[in-house]
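Residue numbers (the working numbering): 1 to 143.
So, in structure tokens, the structure goes:
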């Protein structure tokens, strides 16, 4: 076989492993302050390679501030050679026990490198939840 065939096979395999892009997040509809819960990072197919570097999770009272986390609750480093696969990936987190009850916004900001030149991109996803007395099993998803 020619070297070009090996290169083509390698590129095809690498491309298929890294073309998922974060498309939404999901969190419990009601969250009790201090409780731990999973946030789900949902990924879908994308037209070019995407290298996910890190993500940060935050909470803000009410509608929050567009593009801002307000109070950072967790950060996750994805790392070299790793990526978020297609589908939903759980990330365990919590909100502070001092979080006031009522309407709140959970935000996740994802830092990714796009394409063959690794163009840096920050994308923030928001989901409105209620801070209450129990953590529900029902999830709400960002749009």
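All C-beta atoms in this analysis are idealised placements derived from N, C-alpha and C, irrespective of residue type, glycine included.
Rounded to the nearest angstrom, the gap between the Cα atoms of residue 31 and residue 59 is 11 Å.
The bridge partners DSSP lists for residue 71 are 59. The C-alpha of residue 134 is placed about 22 Å away from the C-alpha of residue 41.
Selection 67, 107, 76, 64 evaluated against residue 92 yields 76 as nearest (Cα-Cα). Judged by DSSP in its simplified three-state form, residue 20 adopts strand. Within the DSSP secondary-structure output, residue 89 pairs in a beta bridge with 41. Under DSSP, residue 77 shares a beta bridge with 54. For residue 61, the CB contacts under 6 Å within the same chain, skipping 5 residues up- and downstream, are 104 in chain order. Of the other Cβ atoms in all chains shown, fewer than 16 fall within 10 Å of the Cβ of residue 122; this residue is therefore exposed. According to the DSSP assignment, residue 129 belongs to the beta strand (DSSP E) that extends over 119-131. Apart from the 5 residues on each side of it in sequence, residue 136 sits with its Cβ closer than 6 Å to the Cβ of 28, 29, 30 in its chain, given in chain order.
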